[in-house]
Structures are given as C-alpha cells and as structure tokens.
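Everything on this sheet refers to the single structure shown next.
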Amino acid sequence: MPLALPDKAVWRALLVVTVLSLTLCYSLHLWQVDLTLPLRYSGDGLMFSAIIKNTLETGFYLHNPHLGAPFGAEYYDFPMVDGVSFLLIRFFGLFTTNFAAVYTLCYLAGFLLAGSAAFLILRRMHIGFLLALTGAVLYACLPFYFLRIEHLFLVTSYFIAPIMLWAALRILSNQPPFFNAAGKFRPLNPRWLIAALLAGTSGAYFAFFGVMLTALAALLNFITTKSWRGAVSGALFIGLLGSSALLTLAPNLDYHREHGPNQQVAQRAPVESEAFGLRITQLLLPHPGHRSDTLRAMVEKYSRNAPLVTENATAALGSIGAAGFLLLILVLLSGQRLSHNIPYLWELSVLNISMVLYGTIGGFATVFALLVHPQIRSVNRISIFIGFAALAAVLLLIQALQNRRQGRAPHLGSAMAVLLLGFGLWDQLSPYWESDQIPIAAEFAQDADFIHAIEDRAGADALIYQLPYTAYPETPVHYQEGPYALLRGYLHSDHLRWSYGGIWGRPEAMLLRRLGALPPDQQLDLLIQAGFRGIYIERRAFPDHGQALEQPLRDRLPDPPLLSQNGHLAFYPLPVATSSATPETPEATATRAQAVLRAALTPTLPPDTLQFNRVPWPAFIAEVDGLSDAEPWGRWSNSATVTIRFNQPLPDAFMLKLQAGAFGPNLSQPFTVSAGPDRQELAITTPQAMGEMAEYVLCFTRSQGTRTLEITVPQPQGTVDDPRKLGIALSRLQILPVSEPCPK
C-alpha cells in the first residue's frame, strides 16, 4: 500500500510554521543565541528569570523557599493571571532546568503562537492564504515583540489579541460566538470555549482589554439590531473568561481572606494611567530602533522632548500598520462608504477608535481609574490590539481589490503579499535587535563564579543577608544598583537562602527592613545570633562603592571578604555563633533565625500611635483629609491642609512626635501644626527618601479639648508626572500626654 501524503491543509500549516520560524531566525540571528545565557540580565528580565527558576524548582511562582530568608517568600500579593505562560515554562522545563534556556524558548514560542493565531483569524476573515501569511508574519514582527523582551509574559501572551478581537468582531457583525449559522444557541462550542479560557489566562491586561471590547461589541450590537443574541454571546464569553481568571487567582484570594490585603504592593494611583497611556504619535512614528538613520533620529528627538514618554515608546505599529490605522479612521469618518462590500472593515474601524479613546492619555482609561479602579494603568499595551486591527484593515482592502479584479489581475494578491512582506520586514525589523549576548556573557560568568564561591564557603542551605535592604517588587533602587539586581545571587545558586525578595508590606519584610536600618555593629550581632553565614553587598548601590558600610565589617570580622572579578559584589563570611555536636537542619536554622529577628525587631507601639501606611485607619481616628493613598513608607499630603480628626478629645498638654519629610520647596520652610487655638511652627529639614525620614517633636499646652489636628503646608506643589499637591510626607504620628510644663 503506497504511503499517503499529507493533505493540502497540513502542507499549508507546515508552510506557515516554516515561514514564521525563518523570519524569527533572521530577525534575531538565532544561530548566535546561547541558550545558557539569558536574553536580558537586568531590570524586569531578572525578575522574570527568578519567576522561571522558581517555577522550575517548585512547580509554581507563589512560594519561594530560597528568597526572603529566613522566612521564605510568599507572592500571593503579586498575582499573575498568566496560566498560558506558566504552562509554557512547565513544558520547556521537561527538557531543561536552565532558567535562561527556558526564558529564551518561551520568548521564541510567543512569536510562533502570535503568528499562528494571527494567520488563523485572518483566514477566518476570508483573507487569502498568502495575504494571511504576510499579515501573520508582520503581526508577529511588530516592534512590540522585540522591544518587550524584559516583559516576558506580555510577549508569550500577545497571541490572544487576534482571538479576542475576532470574538468582538463576530458580535459586532451580528455573527455572535456560540450561535451557529442558523441562529441556534451552541454554548458548548469547543472552539469558543477554548478561546475564552485562554483569554482568561493570558495576562490581566489582555484579559481586561478583551472584556472591554466584548462588552462594547455586545452593547453596540444590541443597540443596532435589538437582538439578544449578541448580548448573550458576549456575556457567556466574558463569564468564561472571568471564570478562567478567577480560577487562576483562587490561591491568591484564599490567602487574602486569611491574611488580609496588602496595601503596599502593586498599588496604583489613577494618575498613572496618564503616565503609561497611549500616544497616537507613537503609534504612527517609526520604532526607536529603525534601520533608517533619519527616521531613527526623528523618533529619538521626539522622545527626548515629549512629556510622559514611558513604556508607551514600544507602541509603534510600523509603516503598514500606521497606514491601516489611518485607513480605519477614514472608514469611520466616511460613514461606511469606504467599507462597502468589505466585510469586517467597518466593525474594525469602530473597535479601533474605541481602543484609541480608551487607551490614549487623558482618555477613558483615566476616567475608569478615577471612578472604578486604577489597577490597569499601562493601557498603552492595547497597542498590540490596535496593531492587529490595522494590519487586518490593509489586508481586507487588498483582498477586496483582488476579488474585484480576479479575472483581470489574478496574481494581484500574491504580488501585493510579497511587496508588503518585503517592505514590512525592512521597516519593522532592526539590526539593533540582534541577540548580542556578549555584554551579558562576561558579567553573567563573573557573577556565577562569585556565587559558586559563596556556596563553597558558606555551605548548603546557608542564610545569606543582602545589603542594601531593597523592597520587592516595584520599588525604587539605590544609586546605580539597578532594579532587581539582588536577584542575581538566587539565579546562580541552588542551595543558598537569600534575604532579598520577600514581598514588601508583609510583617516579615518589615522586620528585614528594620534590620537593615540598624547600625552595622547591631546588625552583625543579630545576624550572627540568628545563624546567618554571610553578608552579600551590592556595591553599586552606594555612591562610595560601599566603603563606609564595609569598614566596620572589615574591622570586626576575622575573615577577609570574597570579591567578584569586576569588584561590584562583596561577601563577608560570618562566624558561627555556637557549635553543636548535632548539626542543625535547614528548617531548624530558619526557625531559630525567625525567632531571633522577631524578638529583637518587632516594635511595640503605644495604642495611640498612627502609622500612615496602614489601611484602614485605627479605631481612635475618626477621619483624615488631605492625604493621598498609602505607600510603603506612609502617605503624601495632597492638599494645602492635612486634617486629622480623633474620636476622643486630645489632652490639654501633650507631646506630638511626628516622623516626616518634606517635598521640594517645602524643605526648611515653616509648616503650621494646630491643635485648637494652640499653633506651633515646624521646619522639616529632611526630604522623603523611601521612608528614611526624621522624627520631629512639638509640645502643645492649650489644646482646650479639641479633637482635630491640622498641618498647613507652606507650598503644596505637583510635578510634570504627578499632579498631586505634594508638601509633607507622613510616616508616623504619636500623641504623648504630659504634665505641665511640657518638656522641650
């Protein structure tokens, strides 16, 4: 019996994958990629590398026993609705346990997934094979992919944008999902079930954008057709998407029910939707790494001078996408005249303008953040949805022209596909995006050698204390330290436990912060007593390269430090506090260390102490006005006057202790603090610097039973990026009753 050849569909699928793979190889010079080196070794690239390593070691990202030592790190306060990305990590983890290799493989898989999804949806839109293949390659090659290497879970999930747009298009064009051609309801349609479930596990941002587009399409469909089918279809799709997301978040929700919310992590302000909003200019301009010197210089000049240029610089659509974007605007303005007999073009124009109005700076995203919730701040990421819609518009127009000239120009579509692909790749790819890992390789190898030397010196499961204390995640860095730089120790070790990486805002992280604020001698005593085996110092975090910090360690510790080859890292071995005939287990060492730190560092605050980073306010506070939302260190003023109302009258004579800092022009200027008729002036001479504020003391002798304390700011002022009326930063307030005379 002769061997049967695969049918045409299989050959076409193989061709799609082959073209995408060859494009990826060419664009990134994959023959030069070393899988043992990470694609990014700084910033968010370090964070995602740590997430991958933790997932490979423990199966998921929620608990890491090697970070936040001696307590371990729990990440329930930093939820990730990224089930698809974690499935990719687990899949590639079947073949390798090297975090750098898995990072690279996940990144490459994102390209293939995006191109494949785009091709399938474009074919569903009745676009010919070659044109659809061209669109798939151009979508996968949008600058978004190459400029977001650090944001790994975005590029592993952007395949979902065409699928979500297709669901909204079907509803808007009165062909709703879960209904067949005869109009019968089919709620168990497997394709749409899978699509909705994938949409709910492809990242919070993309899921949110999908919900928004689906809801809008359902509403517009009901208004125009008065049919309930679109509404039912949209509700079912959103319900399945939401259920999928909630299932992914179930462990986080259970944790919060037991431990309460964390008001310090990933808290967003409504104004951040402005800072991370979308710009039409950036959609239309070339990408920052364009191969044309002239075009690249134009973009660089714009970025240097324009305000609020943030991650939205990655939103460029490319020339073909920009043309499609303008085409959709013209279609919308023409009132369907330009979209006559071109399926889905009008619907795409409606969705396109809706996405722009939502995502643009000053758009509906800011309204949503103000009135509903500010958590979805980086709304510029909707650019990937706009990018697919714009490319689809160009392809639909070309397909319509080909259909009209089918007899006279049978190869028009093929010729246009080749021209579009050639020009699009020239325009969208950049020679600056080649995977040049040489700069990474040297530092990566030096760090690995240094960490392995620490492992040999400290021993398996040793507790390593890291300086400077740096909160995790999304917190300001020290000097030239770089975001997440302290994760490098964990990435290169298998058996050490590191103090960095515990979630900011939880009691364990606050204990480590208090430890880091102690004088060096006190830190040493506690660390040795707790069983830590060494101090790891990131010298780039200090203007003096750590000299002032390290001198007391050199004077007191008997052993010289280990130094990295580049001199940026130092490790000081610590002596063992007590010797025992029976070695401690790692669990016993951690338990002892936890007990020592809790006993020494847990503060005992009087009941009338107000911590400004706490939510809600304590029971003795009736109301507070004039302050912004809580931050890890406390709160900024957001008014000319801060008013604190107590439930009980203040003592006639009391001492007010205020831990505070000042902003900009308010430094050393007189603040007025009033308790009834008693008014005191306070000059705050320290700025707010990540919670490092000074304590000020005022004495009041004639409050006359008032329940109100007022602080008047001399010069409340906003900034370009922050419109709040900043003046005073408040960390802690304490009322201490005193007898006459009030001590000074």
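Using numbering that gives the first Met the number 0, read the sequence shown as starting at 0 and increasing by one per residue.
Heads up, the beta-carbon is just placed ideally off N, CA and C, and yes, glycines get one too.
All figures in this text were calculated on a predicted structure; none of them were measured in a lab.
Who are the Cβ neighbours of Arg496 in its own chain at under 6 Å, not counting the five residues just before and after it?
The residue given as residue 496 occupies position 497 in the sequence shown. Around Arg496: His65, Ala68 and Leu462.
Between Ala728 and Ile620, what straight-line distance do the alpha-carbon atoms span, to the nearest angstrom?
Counting from one through the sequence shown, the residue named residue 728 turns up at place 729. Counting from one through the sequence shown, the residue named residue 620 turns up at place 621. Approximately 19 Å, taken between the alpha carbons.
Please classify Ala167 as buried or exposed, where buried requires at least 16 other C-beta atoms within 10 Å of its C-beta.
Reading the sequence shown from its first residue, position 168 is the one you call residue 167. Per the 10 Å Cβ criterion, buried.
Please confirm if the region 122 to 135 is in contact with the region 78 to 96, defined as three or more CB-CB distances below 8 Å between the two stretches.
no
Using a threshold of 8 Å, state whether the C-beta atoms of Leu36 and Ala99 are closer than that.
Here residue 36 is taken as the residue at index 37 of the sequence shown, counted from 1. Here residue 99 is taken as the residue at index 100 of the sequence shown, counted from 1. Ala99 is positioned such that its CB atom lies closer than 8 Å to that of Leu36.
On a CA-only basis, which of Leu350, Ala576, Asp76 and Gly717 is nearest Gly259? Give me that one, please.
Here residue 259 corresponds to residue number 260 of the sequence shown, with the count starting at 1. Of Leu350, Ala576, Asp76 and Gly717, the residue nearest in Cα terms is Asp76.
Sorted by chain position, which residues of the same chain lie with C-beta nearer than 7 Å to Pro1's C-beta, five sequence neighbours on each side aside?
Here residue 1 refers to the residue found at position 2 when the sequence shown is read from its first residue. Since pLDDT at Pro1 reaches only 46, below the 50 mark, its modelled position is unreliable, and no value is offered.
Mind reading off the beta-carbon distance from Leu326 to Leu396? Whole number of angstroms is fine, and I expect it under 8 Å.
Residue 326 sits at position 327 when you count from the first residue of the sequence shown. Residue 396 sits at position 397 when you count from the first residue of the sequence shown. At roughly 7 Å, the Cβ-Cβ gap stays under 8 Å, so Leu326 and Leu396 are in contact.
Specify, as a first and last residue, the run of the beta strand (DSSP E) that Asp624 falls within.
The count along the sequence shown starts at 1 and reaches residue 624 at position 625. It spans Ile620 to Asp624 - the beta strand (DSSP E) in which Asp624 sits, taken as one unbroken run.
So, Ala457 versus Pro572, is the Cβ gap smaller than 8 Å?
Your numbering for residue 457 matches position 458 in the sequence shown. Your numbering for residue 572 matches position 573 in the sequence shown. Result yes, Cβ atoms of Ala457 and Pro572 sit closer than 8 Å.
For the region 679 to 687 against the region 640 to 648, are there 3 or more C-beta pairs whose distance is under 8 Å?
no
In the structure shown, what three-state DSSP assignment does Leu187 receive?
By 1-based counting over the sequence shown, the position of residue 187 is 188. The answer is coil: DSSP assigns Leu187 none of H, G, I, E or B.
So what does DSSP say about Gln714, is it helix, strand or coil?
Counting from 1 along the sequence shown, the entry for residue 714 is found at position 715. In the structure shown, Gln714 sits in coil (DSSP, three-state: anything other than H, G, I, E or B).
Taking only runs of the beta strand (DSSP E) that begin and end inside the region 452 to 530, which ones reach a length of at least 3 residues, in chain order?
Along the length of the region 452 to 530, whole beta strand (DSSP E) runs at least 3 residues long occupy 462 to 466, reported in chain order.
By the three-class DSSP mapping on this structure, what secondary structure does Tyr102 have?
Indexing the sequence shown from 1 puts residue 102 at position 103. Helix at Tyr102.
Can you give the beta carbon distance from Tyr499 to Leu485, rounded, assuming they're within the 8 Å contact cut?
Walking along the sequence shown from the start, residue 499 turns up at place 500. Walking along the sequence shown from the start, residue 485 turns up at place 486. Yes, Tyr499 and Leu485 are in contact; Cβ-Cβ is about 4 Å, under 8 Å.
Could you tell me the boundaries of the alpha helix (DSSP H) in which Pro142 lies?
Here residue 142 refers to the residue found at position 143 when the sequence shown is read from its first residue. Where Pro142 is concerned, the enclosing alpha helix (DSSP H) starts and stops at Pro142 to Leu146.
Which two residues bound the contiguous alpha helix (DSSP H) that contains Lys300?
Taking the first residue of the sequence shown as 1, we reach residue 300 at position 301. Taken as a continuous stretch (DSSP letters only), the alpha helix (DSSP H) holding Lys300 covers Asp292 to Asn304.
In three-state DSSP terms, what is His62?
For this step, residue 62 is matched to residue 63 along the sequence shown. The answer is strand: DSSP assigns His62 an E or B state.
For Asn637 and Gly625, believed in contact at Cβ under 8 Å, the rounded distance:
As a working mapping, residue 625 is identified with position 626 in the sequence shown. As a working mapping, residue 637 is identified with position 638 in the sequence shown. With a Cβ gap of about 6 Å, Gly625 and Asn637 count as contacting.
Would you mind sorting Tyr25 into buried or exposed? The rule is 16 or more other CB atoms within 10 Å of its CB.
As a working mapping, residue 25 is identified with position 26 in the sequence shown. So Tyr25 counts as exposed.
So, for Leu331: in the same chain, excluding its five sequence neighbours on each side, which residues have a beta-carbon less than 6 Å away from its beta-carbon?
Here the question's residue 331 lines up with position 332 in the sequence shown. Here the set comprises Ser348 and Ile352.
Taking 8 Å as the threshold (C-beta atoms), are Leu490 and Ile534 in contact?
For the purposes of this step, residue 534 is identified with residue 535 of the sequence shown, where counting begins at 1. For the purposes of this step, residue 490 is identified with residue 491 of the sequence shown, where counting begins at 1. Cβ atoms of Ile534 and Leu490: not closer than 8 Å.
Hey, quick one: how far does the beta strand (DSSP E) through Asp677 stretch, first residue to last?
Residue mapping note: residue 677 aligns to position 678 of the sequence shown, counting from 1. Run containing Asp677: Asp677 to Ala682, per the beta strand (DSSP E) assignment.
Roughly how many angstroms lie between the CA atoms of Thr293 and Arg303, to the nearest whole one?
As a first step, residue 293 must be located in the sequence shown, where it is residue number 294. As a first step, residue 303 must be located in the sequence shown, where it is residue number 304. Distance between the alpha carbons of Thr293 and Arg303 is about 16 Å.
Roughly how many whole angstroms lie between the Cα atoms of Ala452 and Leu151?
Within the sequence shown, the letter at position 453 stands for residue 452. Within the sequence shown, the letter at position 152 stands for residue 151. C-alpha of Ala452 to C-alpha of Leu151: approximately 30 Å in a straight line.
Rounded to whole angstroms, what's the CA-CA distance from Gln427 to Ser291? Just pull it up for me.
Within the sequence shown, the letter at position 428 stands for residue 427. Within the sequence shown, the letter at position 292 stands for residue 291. Rounded to the nearest angstrom, the two C-alpha atoms are 11 Å apart.
Which partner residues does Ala728 have in the DSSP bridge list?
Mapped onto the sequence shown, residue 728 falls at position 729. Trp635 and Gly660.
If you draw a straight line from the C-alpha of Leu119 to the C-alpha of Lys724, how long is it?
For this step, residue 119 is matched to residue 120 along the sequence shown. For this step, residue 724 is matched to residue 725 along the sequence shown. Leu119 and Lys724: Cα-Cα distance of roughly 51 Å.
Is it the case that the Cβ atoms of Ala108 and Thr155 are separated by a distance below 8 Å?
In the sequence shown, counting from the first residue as 1, residue 108 sits at position 109. In the sequence shown, counting from the first residue as 1, residue 155 sits at position 156. Cβ distance < 8 Å, so Ala108 and Thr155 count as in contact.
Member of His567, Ile710 and Leu600 whose CA lies at the smallest distance from the CA of Trp635:
Within the sequence shown, numbered from 1, the residue matching residue 635 stands at position 636. Per the Cα distances, Ile710.
Quick check: the Cα distance between Gly71 and Asn63, rounded to an integer number of angstroms?
As a working note, residue 71 is residue 72 in the sequence shown. As a working note, residue 63 is residue 64 in the sequence shown. Straight-line Cα distance between these residues: approximately 6 Å.
Tell me which residues share the same chain as Gln522 and place their Cβ nearer than 7 Å to its Cβ, disregarding the 5 neighbours each side in the sequence.
Position 523 of the sequence shown, counting from 1, holds the residue named residue 522. The residues are Leu514.
Report yes if the C-beta distance between Thr705 and Gly675 is below 8 Å; otherwise report no.
Taking the first residue of the sequence shown as position 1, residue 705 is located at position 706. Taking the first residue of the sequence shown as position 1, residue 675 is located at position 676. Yes.
Are there 16 or more other CB atoms within 10 angstroms of the CB of Thr601, so buried, or fewer, so exposed?
Here residue 601 corresponds to residue number 602 of the sequence shown, with the count starting at 1. Burial call: exposed.
Can you tell me which of Tyr468, Met79 and His255 puts its alpha carbon nearest to the alpha carbon of Phe541?
For this step, residue 541 is matched to residue 542 along the sequence shown. Nearest option by C-alpha distance: Tyr468.
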